[in-house]
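Have a look at the structure below, then the notes.
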Amino acid sequence: MKPALGIIDIGSNSVRLMIAAAEECSVRAISKTLCTTRLAKGIDQTRCLSEDRVADTVAAIARYKAQTDAHGIPVIAYATSAVRDAENRDAFVARVKAQTGVSVRVLSGEQEGSFAFSAVTGGEGTVFDIGGGSFQIVTRERSVSFPCGCVRAKEQCDVPQPSVLRDRLFAWIDAHAEVPGSVPPPVYGVGGTITTISALITGMTAYDPTRLKPIALSELLSLTEVLCAIPEPTRMEHPLLLRRGDVILQGATILRYMMERTHTDCVIPSDRDGMEGIAEAFLKDGTFTLKSDGSVLYDE
């Protein structure tokens, strides 16, 4: 497959690069690379992105830009919850441009969810999207986003007991979210929390997206019990949890919240997500404008 486009996702927990190839009606990921920078760390206390998190994130973007330049392909970069909620978001975007040459579009939560929906569902059903700074629930009629991701949840409750996690985080989310009582099936799940949970339930030690299986609520509860019994340092030694072992309990509790509040018994994990949605919008729908220097302008 010939590389056609690079997508940089500047998330609240990690920065990702997808090198994508164009197909007839979609895009296919040739590779996906992840660097955990925890950009959302401390944002609820300070309302600003911290200098050390910004520096790590900009460095990751510079490395990714070097890779897309080596392929000779355009790159689209977008930022989500941590950046959109930060008082210094404009300074961050300007710094990325100055130091890497990459233009960053800050997505609203609704846009973030809609791109994932278009990539995963074919227009029917529901998407649950859990990130480091927010979660989204998206249907064909509506996309809603709430500032309750796994990194933020870690700062709200760091007690490895299922009942305590449930009580504290459910109350915290209730204060920030209005989740519908039901959603149209089938329900798909995107984001590293959900794919990792599925991989753990399946028993993987090396991530293989072809082996992901649907997540039943009963399996999620059992997995949470098992993970809570493992000390965090040991948990983070698991090959699938090297980058998220310290926030997987919080992410699992957010997924539990979403499933219980919407009366959803099963979530189908998807390795495709908003990165593919944005790539397809660029390659198919003319949502973006390509400049002569290989950078991309977003149409408002």
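Each residue of the sequence shown is one higher than the one before, starting from 1064 at the first, in the working numbering.
Using N, Cα and C, we set each Cβ at its ideal position, and we do this for glycine too.
As summarised for the stretch 1137–1194, the continuous beta strand (DSSP E) elements at least 3 residues long and confined to that stretch are 1138–1142, 1167–1169, 1189–1193, given in chain order. The bridge partners DSSP lists for V1078 are I1073, C1098.
Taking one beta carbon from each stretch, the stretch 1307–1322 and the stretch 1163–1175 have fewer than 3 pairs nearer than 8 Å; the two do not touch. DSSP places P1332 inside the beta strand (DSSP E), whose first and last residues are 1329–1332. The C-beta distance from F1180 to S1206 rounds to 7 Å, short enough to meet the 8 Å contact threshold. The residues G1188, I1331, in chain order, have a CB closer than 7 Å to that of P1249 in the same chain once the five nearest residues on each side in sequence are set aside. The beta-bridge partner set that DSSP reports for I1124 is empty. Within the same chain, and ignoring the five residues on either side of R1116 in sequence, the residues whose Cβ sits closer than 7 Å to its Cβ are T1100, R1101, L1102, K1104.
With respect to the 9 Å criterion, A1216 and V1310 are classified as neighbours on the basis of their beta carbons. The stretch 1283–1316 contains no complete beta strand (DSSP E) run of 3 or more residues. In the structure shown, the three-state DSSP call for S1206 is strand. Counted as a single uninterrupted DSSP element, the alpha helix (DSSP H) harbouring G1337 occupies residues 1337–1343.
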